[in-house]
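Below: one structure, written as structure tokens.
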Amino acid sequence: MDQKPEPKEEKKGFLRSMQEIIYGMASHDMSRYALRTRASMEHLFILITMGDMIGVPILPPYYSLRLLPYVVPQISTWKRRLLREKDVSDAMF
Amino acid sequence: MEKIDTALKTTILQHPERRYIMFGGKGGLGKTTFSAATAYWLASQGKKVLVFSVDPQASLSDIFQRDIFGKGPVKILENLWAQEIDADQHIKQYQGEIRQKILDMYGFESVPEEIEQYIQAASAEPAMEESAIFDAVVDVVVRGDYDYYIYDLVPLGHALYYLSMAKVYDEWITKITRLREEMAEYQGMVSRMKREKETEEDQILTELQDIRSRINTSARILTDREKTAFFFVLIPEEMILLDTLKAAGMFAKFNVPVSGYVVNRVVPHELLQQDIPAYLRNRIQMQDRYLAQIDRTFGSQVLARVPELERDVSGTEMIERLAGIMYGQDGS
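Protein chains in written order, with our numbering: chain A, 1 to 93; chain B, 1001 to 1332.
If you want it as structure tokens, here you go:
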């Protein structure tokens, strides 16, 4: 009587991990791809809004200043990426 | 000698919903003078009026003979306030806010050097001043504390620049907003796949939407047929007439509703009965020619002819006199 619930739980746990494995196999690549796309977009966004920083004025500076506080952490990565001749990730993936 | 012309008065009285009154035209033709006189008249009618200048070289201080530059709305008379926007001050304050926001958001002791450099450089851009004024106007107008807002506009070219700027800004910001929205979609996708909670609201998107609504508010007023009365100021001279025609065409392109034309500096005809030098006689004849041409060109849209006065208009007394000429002596 006491043992009965245990296999059920085990089964449940096994099912859940199976679910996660299958899910992970299917979606890990996709989410990685989505994240990379999003990162590129982020850099494009900063280029458009903060282009002045590297001498490409696109958005009027009055308004880029309003967005500046939100992109402060990304600025240095962005500059580094722009300066790179070839993206390291191109070779890796 | 000072003829009361009522078409201008009638136009303004017939459209009390046109709360934004603007006088536009080339520099030095009397925009500020007319703005002040109109503000004076409306205030004397019991309307709460704000006359304000968006010109970095504003002359409201001169005409009211009070230093009001950068001091916010200053009460001149009962019901009449005047304001000159100080763009530099506005920019400095704005920079301060940005810095503070960065410090607050990331708990920095000081703004990182790279970022500080950018703030400094951005503020030195020539477009900065215009944008700052443009933005400040939104604050003035959106509050809606007054019955009438009288814009002492910058010369024509600038006014057009404002409008085209609004259009370009709006397009850019629409594009950037779209990019941002797409980014949010990807973010949402990742969150769903990783089965994380949805990310919090994108603050940048909120900012972008706010910027866009501010730009549009400012531009919409200039082009709102319901709420805006735009008057061209011109004088009876050939070059001015040609320029006004050209400007009217450009304004039409930006959908600025022109309510009428006011002719300034008309030398009084009564002088012809006196013994006057040929110089003045010739000028009157020349003006007659152009006045006829103005009437032919603009027809019933010519709302008033304002005479050349024997002295310049500054100080309340002269403003009162001009208001009397433009809107009736009795003040009714």
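Think of the CB as a built atom: it goes at the ideal place given N, C-alpha and C, for glycine as much as any other residue.
To which residues of the same chain is residue i closer than 7 Å at the C-beta, ignoring the five residues directly before and after it?
i	result
G1299 of chain B	none
K1048 of chain B	N1079, Y1146 and D1147
M53 of chain A	none
I1211 of chain B	I1173
D1062 of chain B	S1314
S1035 of chain B	F1023, V1051, I1150 and D1152
L82 of chain A	I54
I58 of chain A	I48 and G51
In chain B, what lies closer than 9 Å to residue i by C-beta?
i	result
I75 of chain A	P1112, E1114, I1115 and Y1118
L83 of chain A	Per Cβ cutoff of 9 Å: no residues; L83 of chain A is ~14 Å from chain B at best.
Thinking C-alpha only, which one of the options is nearest residue i?
i	options	result
L1303 of chain B	B:V1262, B:A1124, B:L1322 and B:Y1118	B:V1262
L1271 of chain B	B:L1245, B:I1063 and B:E1308	B:E1308
P1073 of chain B	B:F1052, B:S1059, B:I1063 and B:D1062	B:F1052
V1266 of chain B	B:D1224, B:M1326 and B:T1297	B:M1326
T77 of chain A	A:F14, A:H43, A:P60 and A:L67	A:H43
Y33 of chain A	B:K1075, B:M1189 and B:L1060	B:M1189
E1226 of chain B	B:T1006, B:L1242, B:F1034 and B:P1016	B:P1016
M1183 of chain B	B:D1202, B:Y1169 and B:R1192	B:D1202
M1105 of chain B	A:K79, A:V72, A:L82 and A:L83	A:V72
S1059 of chain B	B:P1268, B:G1027 and B:R1220	B:G1027
L1342 of chain B	B:D1275, B:P1277, B:T1033 and B:L1291	Since the first residue of chain B shown is 1001 and the last is 1332, residue 1342 of chain B is not available in this structure.
T1010 of chain B	B:V1233, B:A1229, B:L1280 and B:D1312	B:A1229
V1306 of chain B	B:G1107, B:I1235 and B:M1239	B:I1235
Q1301 of chain B	B:A1124, B:I1068 and B:F1231	B:F1231
Y70 of chain A	B:D1170, B:L1205 and B:L1008	B:L1205
E1125 of chain B	A:E20, A:V56 and A:I75	A:V56
G1070 of chain B	B:W1081, B:Y1279 and B:I1085	B:I1085
Y1186 of chain B	A:Q74, A:R38, A:I46 and A:K79	A:R38
Using 8 Å for Cβ pairs, my map puts residue i next to residue j. What's the rounded Cβ distance?
i	j	result
V1138 of chain B	T1217 of chain B	5 Å
S1314 of chain B	Q1065 of chain B	6 Å
R1214 of chain B	D1135 of chain B	6 Å
L1153 of chain B	K1253 of chain B	Not really, about 17 Å apart at Cβ, beyond 8 Å.
P133 of chain A	A1323 of chain B	Outside the modelled stretch of chain A, which goes from 1 to 93, sits residue 133 of chain A, for which no answer is possible.
I1221 of chain B	Y1020 of chain B	5 Å
L67 of chain A	I1115 of chain B	Not quite, the Cβ-Cβ distance comes to about 12 Å (not below 8 Å), so this is no contact.
V1258 of chain B	T1223 of chain B	So it is not a contact: roughly 11 Å between Cβ atoms.
M41 of chain A	S64 of chain A	That belief does not hold up - the Cβ atoms of M41 of chain A and S64 of chain A are roughly 17 Å apart, past 8 Å.
M30 of chain A	M1193 of chain B	6 Å
Take residue i and list the residues in its own chain whose beta-carbon comes closer than 8 Å to its own, dropping the five residues that flank it on each side.
i	result
L1208 of chain B	I1173, I1176, T1177 and R1180
A1132 of chain B	A1087, H1090, I1091 and Y1094
H169 of chain A	What is shown of chain A runs 1 to 93, which leaves residue 169 of chain A out entirely.
I1098 of chain B	I1119
E1129 of chain B	P1056, A1087, D1088 and I1091
L1077 of chain B	Y1040, A1043 and T1316
Give me the chain B residues within the contact set of residue i, using Cβ-Cβ distance strictly less than 8 Å, ordered along the chain.
i	result
S31 of chain A	M1189, V1190, M1193 and K1194
V72 of chain A	I1102, M1105, Y1106, P1112 and I1115
L44 of chain A	L1179
S152 of chain A	Missing from the structure shown is residue 152 of chain A; chain A here goes from 1 to 93 and no further.
P80 of chain A	First, the amino acid is wrong: residue 80 of chain A is Arg here, not Pro. Simply none; closest approach about 12 Å.
Note down, in chain order, every chain A residue with its Cβ under 8 Å from the Cβ of residue i.
i	result
E1333 of chain B	A query on residue 1333 of chain B cannot be resolved here, the shown segment of chain B reaching from 1001 to 1332 and no further.
L1205 of chain B	Going along chain A, no residue has its Cβ under 8 Å from L1205 of chain B, so there is no contact; the nearest lies around 10 Å.
I1085 of chain B	Those do not exist, as I1085 of chain B stays about 14 Å from chain A at its closest Cβ, beyond 8 Å.
Y1327 of chain B	Chain A residues near Y1327 of chain B: none, gap ~38 Å exceeds 8 Å.
I1211 of chain B	Y63 and R66
V1148 of chain B	It should be noted that the sequence gives Tyr, not Val, for residue 1148 of chain B. Ordered by position in chain A, no residue passes the 8 Å Cβ test against Y1148 of chain B, which lies about 28 Å from the chain.
Going along chain A, which residues have a C-beta under 7 Å from residue i?
i	result
D1135 of chain B	Y62
A1122 of chain B	D52, P61, S64 and L65
A1166 of chain B	The contacting residues do not exist; A1166 of chain B stays about 11 Å from chain A at best.
M1128 of chain B	P61 and Y62
Y1290 of chain B	Near Y1290 of chain B there are no residues of chain A at all, since even the closest Cβ is about 40 Å away, more than 7 Å.
W1041 of chain B	Going along chain A, no residue has its Cβ under 7 Å from W1041 of chain B, so there is no contact; the nearest lies around 35 Å.
Output, in chain order, the set of chain A residues within a Cβ distance shorter than 9 Å of residue i.
i	result
S1131 of chain B	P60, P61, Y62 and Y63
Y1261 of chain B	Within 9 Å Cβ-Cβ: nothing; Y1261 of chain B doesn't reach chain A, min ~33 Å.
Y1151 of chain B	Simply none; closest approach about 20 Å.
E1125 of chain B	D52, P57, P60, P61 and Y62
G1186 of chain B	A small fix is needed here, since residue 1186 of chain B is Tyr in this sequence, not Gly. Neighbours of Y1186 of chain B on chain A, chain order: A34, L35, T37, R38 and M41.
Y1162 of chain B	In chain order: nothing, as chain A lies at least about 12 Å away.
W1081 of chain B	Neighbours of W1081 of chain B on chain A: none; closest Cβ ~26 Å, over 9 Å.
In chain B, what lies closer than 7 Å to residue i by C-beta?
i	result
L35 of chain A	V1190
I48 of chain A	I1176
In chain order, what residues of the same chain have a beta carbon less than 6 Å from the beta carbon of residue i, not counting five sequence neighbours either side?
i	result
T1033 of chain B	V1313
I1012 of chain B	none
Q19 of chain A	none
Please list the segments of the alpha helix (DSSP H) lying wholly inside the stretch 1230 to 1309 of chain B, counting only runs of 4 or more residues, in order along the chain.
Within the stretch 1230 to 1309 of chain B, the alpha helix (DSSP H) runs of at least 4 residues that lie entirely inside it are, in chain order, 1238 to 1253 and 1278 to 1298.
If we require 4 or more residues per run, which alpha helix (DSSP H) segments fall completely within the stretch 1147 to 1206 of chain B?
Listed in chain order, the complete alpha helix (DSSP H) runs (minimum 4 residues) inside the stretch 1147 to 1206 of chain B are 1156 to 1193.
My parser needs the alpha helix (DSSP H) runs of 4 or more residues fully inside the stretch 1083 to 1153 of chain B; what are they?
When DSSP assignments are scanned along the stretch 1083 to 1153 of chain B, the uninterrupted stretches of alpha helix (DSSP H) that are 4 or more residues long and fall wholly within it turn out to be 1087 to 1106, 1113 to 1123 and 1126 to 1142.
Note down, one range per segment and in chain order, each beta strand (DSSP E) of at least 3 residues found wholly within the stretch 1043 to 1070 of chain B.
Every beta strand (DSSP E) of 3 residues or more that sits fully in the stretch 1043 to 1070 of chain B is shown, in chain order, as 1049 to 1053.
Entirely within the stretch 28 to 84 of chain A and at least 4 residues each: give me those alpha helix (DSSP H) ranges in chain order.
Segments of the alpha helix (DSSP H) lying fully in the stretch 28 to 84 of chain A: 61 to 83.
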